[in-house]
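Chemist: The following block contains the structure, expressed as structure tokens.
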């Protein structure tokens, strides 16, 4: 069986159907950067948190298919912070961390390598003109701390995406997200201004950031196409 890279996450990574286009998730574009022998199985789903991903049996489905040598990328946070929804909310200091540790232990039991990815930043600029360091609340910091405490590989996509938005600036960074005027696309006749979900170009750029982060981690750099290194 070929080595498989699973993606467990939310809408920022999830594949989008025709009714949602041109919205896209970064998981749709990661194959452009990894070796063709690596099979990508994107299990990310819109609207999920660590809690709902577990309770709906989505992690159990991944666990049941994991084989020795597989990779599991784990990225949550956007929906974990939704206090108004008890089916998804997790406390960043307790439940969120324990759920991440469950994922890590589960993957390791199967001989797979877990990889934690901090949440992709929302497009939110602070008064000083820089990306808001709390654009996904305390969840990126919690993810980093879990990675350090458990010795788990970490790709800091939050920090990388904030650098990307900073370099582009507040206006140009809109092109990475779902910003469409009315009547521009039939799926969004009234237009849309969404600073969380990516355009196709944005998803490609975030997938590139994921690949660049992989390049800095020895076990993962070997999975990249030669042209991407």
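Residue numbers (the working numbering): 38 to 266. Built from N, CA and C at the ideal position, the CB exists for glycine as well.
Is residue 157 helix, strand or coil when you go by DSSP?
Modeler: Counted from its first residue, the chain shown places residue 157 at position 120. Coil.
Chemist: Does the count of Cβ pairs from the stretch 153-163 and the stretch 185-202 closer than 8 Å reach three?
Modeler: Touching, per the Cβ criterion.
Chemist: For residue 79, which residues does DSSP report across the bridge?
Modeler: Indexing the chain shown from 1 puts residue 79 at position 42. DSSP, once it has assigned bridges, lists 44 as partnering residue 79.
Chemist: Is the stretch 211-223 touching the stretch 164-183, taking contact as three or more C-beta pairs under 8 Å?
Modeler: No, because fewer than three Cβ pairs between the stretch 211-223 and the stretch 164-183 fall closer than 8 Å, the two stretches do not touch.
Chemist: Would residue 137 pass as a contact of residue 247 if the rule is Cβ separation under 8 Å?
Modeler: As a working note, residue 137 is residue 100 in the chain shown. As a working note, residue 247 is residue 210 in the chain shown. Taking 8 Å as the Cβ cut-off, residue 137 and residue 247 do not qualify as a contacting pair.
Chemist: Looking at the unbroken beta strand (DSSP E) that takes in residue 236, where does it start and where does it end?
Modeler: Walking along the chain shown from the start, residue 236 turns up at place 199. Element bounds for residue 236: 229-236.
Chemist: My output table needs one value for residue 177: the three-state DSSP class, helix, strand or coil.
Modeler: Locating residue 177 in the chain shown gives position 140, where the first residue counts as 1. Looking at residue 177 - three-state DSSP - the assignment turns out to be helix.
Chemist: From which residue to which residue does the beta strand (DSSP E) around residue 109 run?
Modeler: The count along the chain shown starts at 1 and reaches residue 109 at position 72. 108-112 is the span of the beta strand (DSSP E), which, as asked, contains residue 109.
Chemist: Take residue 174 and list the residues in its own chain whose beta-carbon comes closer than 6 Å to its own, dropping the five residues that flank it on each side.
Modeler: On the chain shown, residue 174 is found 137 positions in, with the first residue counted as 1. Only 118 meet the Cβ criterion.
Chemist: Could you say if the stretch 198-213 and the stretch 248-263 meet the contact criterion of at least three C-beta pairs nearer than 8 Å?
Modeler: The stretch 198-213 vs the stretch 248-263: no contact.
Chemist: Do you know whose CA, among 124, 77, 57, lies nearest residue 85's CA?
Modeler: Reading the chain shown from its first residue, position 48 is the one you call residue 85. It is 124 whose Cα lies nearest to the Cα of residue 85.
Chemist: Can you tell me which of the three DSSP states residue 191 falls into?
Modeler: Residue 191 sits at position 154 when you count from the first residue of the chain shown. Here residue 191 sits in strand by DSSP.
Chemist: Can you name the residues that DSSP bridges to residue 60?
Modeler: By one-based count along the chain shown, residue 60 stands at place 23. DSSP output for residue 60 lists 236 as bridge partner(s).
Chemist: Report yes if the CB atom of residue 64 is closer than 8 Å to the CB atom of residue 48, and no otherwise.
Modeler: Against the chain shown, residue 64 aligns to sequence position 27. Against the chain shown, residue 48 aligns to sequence position 11. No. Outside cutoff.
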